[in-house]
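Here the sequence shown stands for residues 53 to 131, numbered as in our numbering.
C-beta atoms are modelled at their ideal positions from N, C-alpha and C, and glycine is treated no differently.
The structure displayed is predicted, hence computed values, not measured ones.
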Amino acid sequence: TSNLSANPLLEIDNYDVIANHGASIDAIDEQELYYLMSRGLSKQEAEKVIVNGFINPVLAEVKEGKFQDYVVAWINNNL
53 TSNLSANPLL EIDNYDVIAN HGASIDAIDE QELYYLMSRG LSKQEAEKVI VNGFINPVLA
113 EVKEGKFQDY VVAWINNNL
């Protein structure tokens, strides 16, 4: 399976503030692709389904609808 991990880190010491954020993503699982492709999806369609499946729960937390639309459109146009 594919994995997505985002880990914010804040270190605050009086007037000295350091903020870091990291995110990582693994490659799409070949077995997931194979399964979706065996159901009639093209490789490109299968990749879109998998990526949208990961990003939709994150976008559900975003209150800005235009940003949600932008991300979904970008995924659909660039995969």
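Close beta carbons around residue i, own chain, < 8 Å, minus the five adjacent residues each side
i: Ile148; result: Lying before the first or after the last residue shown, residue 148 is absent from the chain, which here runs from 53 to 131.
i: Leu88; result: Glu97, Ala98, Val101 and Ile102
i: Leu85; result: Lys95, Ala98, Glu99 and Ile102
As assigned by DSSP and simplified to three states, the class of residue i
i: Asp121; result: helix
i: Leu85; result: helix
i: Ile127; result: helix
i: Ala79; result: coil
i: Glu105; result: For the sequence presented, residue 105 should be read as Gly rather than Glu. Correct three-state label for Gly105: helix.
i: Val110; result: helix
i: Ser90; result: helix
i: Glu97; result: helix
Other residues of its chain near residue i: CB distance less than 6 Å, five sequence neighbours each side excluded
i: Val110; result: none
Same chain only: Cβ atoms within 7 Å of residue i, ignoring 5 sequence neighbours per side
i: Leu131; result: Gln96, Glu99, Lys100 and Val103
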